[in-house]
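Novice: Protein chains in written order, with the working numbering: chain A, 638 to 1098; chain B, 18 to 158.
One structure, as structure tokens, below. Some questions next.
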Amino acid sequence: MMLLFELRAKVTAIYQKYAFWLNLAFRFALTYIAFNRLRTLLPFNAMLSKSAVTLALAAISAVLPPSLMVLVAALYVTGQLISQSMIVGVTVLVLFLICYCFFLRFTPKYGAAVIAFPVMQSFGIPYLLPLLLGLFANPLAIVPASCGVVAYYVVRFVKDNPEMVASLKDIKDAEGVYIDFLRELLMNPVMVTTMLILSVVIVTVYLIRRINMDYSFEISIAIGTGVMMLGYIIGDLRYEMGIKIAGMVFMCLICAGITLVIQFFYRVLQYSAAEHVEFEDDDYYYYVKAIPKIKTGAPRRKEKKIFGRRRSDDDDNDDDYEEAAMGLIDYSNRAASEAPGFDRKPRPASEDDDDDEADEFGDVIDVNEFRKSRYGTRVGDGVKQEKQASAKDAVSVTAPIPAKAVRILDEEDEPSTAYDDDEDDDDEEEVIVGFFDGGKSDVAKDKFEDIDDFEDDDDYR
Amino acid sequence: MVNNEKVRLMTKLAVYEKEEGREDMRTSNYFRSDYVRHEIIKTILITTVGFLLLLSLVILANLNAIIDNVLKMNYPVVGWTILGAYLILVVFYAVLTGIIYRIRYMYSHGRLARYYRILSRVRRIEEREERQRDEEEEWGE
Chain A
638 MMLLFELRAK
648 VTAIYQKYAF
658 WLNLAFRFAL
668 TYIAFNRLRT
678 LLPFNAMLSK
688 SAVTLALAAI
698 SAVLPPSLMV
708 LVAALYVTGQ
718 LISQSMIVGV
728 TVLVLFLICY
738 CFFLRFTPKY
748 GAAVIAFPVM
758 QSFGIPYLLP
768 LLLGLFANPL
778 AIVPASCGVV
788 AYYVVRFVKD
798 NPEMVASLKD
808 IKDAEGVYID
818 FLRELLMNPV
828 MVTTMLILSV
838 VIVTVYLIRR
848 INMDYSFEIS
858 IAIGTGVMML
868 GYIIGDLRYE
878 MGIKIAGMVF
888 MCLICAGITL
898 VIQFFYRVLQ
908 YSAAEHVEFE
918 DDDYYYYVKA
928 IPKIKTGAPR
938 RKEKKIFGRR
948 RSDDDDNDDD
958 YEEAAMGLID
968 YSNRAASEAP
978 GFDRKPRPAS
988 EDDDDDEADE
998 FGDVIDVNEF
1008 RKSRYGTRVG
1018 DGVKQEKQAS
1028 AKDAVSVTAP
1038 IPAKAVRILD
1048 EEDEPSTAYD
1058 DDEDDDDEEE
1068 VIVGFFDGGK
1078 SDVAKDKFED
1088 IDDFEDDDDY
1098 R
Chain B
18 MVNNEKVRLM
28 TKLAVYEKEE
38 GREDMRTSNY
48 FRSDYVRHEI
58 IKTILITTVG
68 FLLLLSLVIL
78 ANLNAIIDNV
88 LKMNYPVVGW
98 TILGAYLILV
108 VFYAVLTGII
118 YRIRYMYSHG
128 RLARYYRILS
138 RVRRIEEREE
148 RQRDEEEEWG
158 E
């Protein structure tokens, strides 16, 4: 296992170094395979079938956004088909347009999935696509995946029925043949069954991997693979999809293995691409390379008890008066030393002295210790303080609106320490627990949402 | 002297501006209702085009039956059926668009709010730096 982690670290390091070029190469590989496959399936137009043209189109598509990549591929197919039969070409173009109008418009960023299905099908691994989409996308990815299935079966139908396409060369001769062609094209049960199986697998994998449990990704892959095998077996029995069950099961297992490997690398690689940004202020031009910190394992949830705060600026006491008036701070639950205007004694040395957060906002002790005793001890001040508030005032981690804790995130404060934006302990997720007024204030609600926003923050180094 | 904290915040701002920021800024030019309405109108137009294309394919697929029954067809019923199907489709897509773009606007608004919060922190740092500079100048004199 250690070897795998080392390998992943090496791959990550290489990826961080060449992220831009590797992404470009991957996109180029995908588009080149797609266009090359289309060229071999539909070699009707002499010019479009030249390898140089295919290469150029693949190169252009690789740098285009996913939705335009699909458009280029659709136009390529149409161009090839029009050379063979105008009617068939226009019909296929209309089908692509319908797919765009009704479906693809809402999911432009998953456009690559449209091309991915035909590409994977040509390698005999179409089972990989729903597992990947379920793991790394959301159920909306059903739409482009289904469009990919339509595109694949349309092209395959044209390839498998050259006589029918040839008889549709002239509109005058088309008559009934065109109607048969259209019916068989649209009412293909194998195509519909495949779309159905893909959709069910995507949703299954997505729902299971979202469950909050250990190994949810691995379990979702296993169950998704099982559902897919079952779907294909039922589909084959019902509609004779023409698949060999043993081969399908074997390929499904291979695809599950590939998905596991991709999953192992993906979560690290996804966030590890370096960002190059440029900006300036009055004094400098900055050319920054920001490399996201890689977070491994689940975030450690740490509860902290915040009794009060210590502010360095004298004029901040004015804020206390205002907020006490607004009802944001209820001083009845606090020691007199915390009241506005009270001159605090210098804090004696204690074990918390190295805690930046305590310096900024007050003193932090373990909430479990606190709960045990039900009497708080101000570690920082060295003042033993009887807890006047009842147990219900100490809001648990899941309590909805902690108003007084929010107080420390006043707009005028520097909130960096409060939401744990500190670079040293980045993998920790903090929950602030304190004496609260039950979240009566709307202002307090808004401010607590600020904390959540920042906790999700990605940091760079 | 480069202020690390400021660079860190400005980097976050720059990364955001480079990626989602552009689209979010464009979205923020609209009120939510205007933004959603604009997208719904676009969807209605696109759905209409899609429906016409689909209808033409269906007509072509059933051309034989249509030609055979061209004189016997009950045109008002056919017309109302097509119109009903169109309206159902358009209403479905309009509602879907309304939901999707409302959610997108909400997320975009949240990201922008965070962006402006970081921006205000940068501003405060700059103000502090300026104050320090002024004080240093005073001491220097």
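In this text, a Cβ means the ideal position worked out from N, Cα and C, and glycines have one as well.
Computed from a predicted structure; not experimentally measured.
In chain A, which residues lie less than 7 Å from ILE117(B) when you measure between Cβ atoms?
Specialist: Going along chain A in sequence order, the residues near ILE117(B) (Cβ under 7 Å) are PHE743.
Novice: Since LEU766(A) and ALA782(A) should fall inside the 8 Å C-beta cutoff, what is the C-beta to C-beta distance between them, to a whole number of angstroms?
Specialist: 6 Å
Novice: What residue ranges within the region 847–917 of chain A form continuous beta strand (DSSP E) runs of no fewer than 3 residues, ordered along the chain?
Specialist: 912–917
Novice: Name the DSSP beta bridge partners of VAL925(A), please?
Specialist: VAL914(A)
Novice: Got a sec? Which residues, its chain only, sit under 6 Å from THR668(A) by beta carbon, not counting five neighbours each side?
Specialist: ALA695, SER698 and ALA699
Novice: Whole angstroms are fine: how far does the CA of LEU741(A) sit from the CA of ASP1030(A)?
Specialist: Note that ASP1030(A) scores a pLDDT of 41, beneath 50, so its modelled location is shaky; the value from the coordinates is reported in the next line. Roughly 51 Å separates the two Cα atoms.
Novice: Under 8 Å by Cβ, that's how I've got GLY785(A) and PRO755(A) pegged, so tell me the actual separation to the nearest angstrom.
Specialist: Yes, GLY785(A) and PRO755(A) are in contact; Cβ-Cβ is about 6 Å, under 8 Å.
Novice: ALA662(A) lies in the alpha helix (DSSP H); which residues open and close that run?
Specialist: 639–678
Novice: Determine the DSSP secondary structure at ILE762(A), reduced to helix, strand or coil.
Specialist: Three-state result, ILE762(A): coil.
Novice: In chain order, what residues of the region 811–843 of chain A put their CB closer than 8 Å to some CB of chain B?
Specialist: GLY813, TYR815, ILE816, LEU819, ARG820 and LEU823
Novice: For MET888(A) versus TYR764(A), is the C-beta spacing smaller than 8 Å?
Specialist: yes
Novice: Would you please verify whether the beta carbon of ASN86(B) is less than 8 Å from any beta carbon of chain A?
Specialist: no
Novice: By the 10 Å Cβ neighbour count, where 16 or more other Cβ atoms means buried, how is MET885(A) classified, buried or exposed?
Specialist: Looking at its Cβ environment, which holds 16 or more other Cβ atoms inside 10 Å, MET885(A) is buried.
Novice: So, using beta-carbon positions, are ALA839(A) and GLY748(A) closer together than 8 Å?
Specialist: According to the sequence provided, residue 839(A) is Ile. The question's Ala does not apply to it. Their beta carbons are not under 8 Å apart, which means ILE839(A) does not touch GLY748(A) by this criterion.
Novice: Short of 7 Å in beta carbon distance, which residues of its chain neighbour PRO776(A), apart from the five on each side in sequence? Order them along the chain.
Specialist: Residues ILE839, VAL840 and TYR843 of the same chain have their beta carbon placed closer than 7 Å to that of PRO776(A), with the five preceding and five following residues left out of the count.
Novice: Classify ASP817(A) as helix, strand or coil using the three-state DSSP reduction.
Specialist: ASP817(A) sits in a helix when the DSSP states are folded into three classes.
Novice: Using a beta-carbon distance below 8 Å, is LEU770(A) in contact with chain B?
Specialist: Proximity of LEU770(A) to chain B, defined by a Cβ-Cβ separation below 8 Å, is not satisfied.
Novice: Considering GLU37(B), what are the terminal residues of the alpha helix (DSSP H) in which it resides?
Specialist: Following the DSSP letters along the chain, one finds GLU37(B) in no alpha helix (DSSP H), marked with neither H nor E.
Novice: At the level of alpha carbons, what is the spacing between TYR737(A) and VAL731(A)?
Specialist: If I take the Cα positions, the gap works out to 10 Å.
Novice: Between ILE142(B) and LEU30(B), which are expected to be in contact by the criterion C-beta below 8 Å, what is the C-beta distance as a whole number of angstroms?
Specialist: About 12 Å; that fails the 8 Å criterion.
Novice: Strictly under 8 Å for the Cβ-Cβ distance: is ILE99(B) near chain A by that measure?
Specialist: no
Novice: If you draw a straight line from the C-alpha of PHE794(A) to the C-alpha of LEU822(A), how long is it?
Specialist: 7 Å
Novice: Say whether chain A places a C-beta atom closer than 8 Å to the C-beta of VAL32(B).
Specialist: Chain A, which has a Cβ nearer than 8 Å to the Cβ of VAL32(B), makes this yes.
Novice: What residues in the region 24–48 of chain B have a beta carbon less than 7 Å from any beta carbon of chain A?
Specialist: VAL24, MET27, THR28, ALA31, VAL32 and LYS35
Novice: I'd like to know whether the C-beta of ALA893(A) is nearer than 8 Å to at least one C-beta of chain B.
Specialist: no
Novice: Just to confirm the assignment, what range does the alpha helix (DSSP H) spanning LYS59(B) have?
Specialist: 49–78
Novice: Counting only beta-carbon atoms, is TYR652(A) nearer than 8 Å to chain B?
Specialist: no
Novice: Which chain A residues are close to VAL19(B), counting only those with a beta carbon under 7 Å from its beta carbon?
Specialist: Chain A residues near VAL19(B): TYR921.
Novice: Report the rounded CA-to-CA distance for TYR713(A) versus LEU685(A), giving the unit in angstroms.
Specialist: Looking at the two C-alpha atoms, the distance is approximately 8 Å.
Novice: Which residues in chain B sit within 7 Å of ALA927(A), going by Cβ to Cβ distance?
Specialist: Near ALA927(A) (Cβ distances below 7 Å), the residues of chain B are THR28 and VAL32.
Novice: By DSSP, does SER688(A) sit in helix, in strand, or in coil?
Specialist: helix
Novice: Using beta carbons (cut-off 8 Å, strictly below), is VAL66(B) in contact with chain A?
Specialist: yes
Novice: Using a beta-carbon distance cut-off of less than 7 Å, what residues from the region 730–759 of chain A approach chain B?
Specialist: Those would be VAL731, LEU734, ILE735, CYS738, PHE739, ARG742 and PHE743, in chain order.
Novice: With distance defined between alpha-carbon atoms, name the residue in ASN81(B), GLY101(B) and VAL139(B) nearest to ASP817(A).
Specialist: ASN81(B)
Novice: Buried or exposed for THR60(B), please, with buried defined as at least 16 other CB atoms from any protein chain shown within 10 angstroms of its CB.
Specialist: Per the 10 Å Cβ criterion, buried.
Novice: In or out: GLY872(A) buried (at least 16 other Cβ within 10 Å) or exposed?
Specialist: If you draw a 10 Å sphere on the C-beta of GLY872(A), you find 16 or more other C-beta atoms in it, and that means buried.
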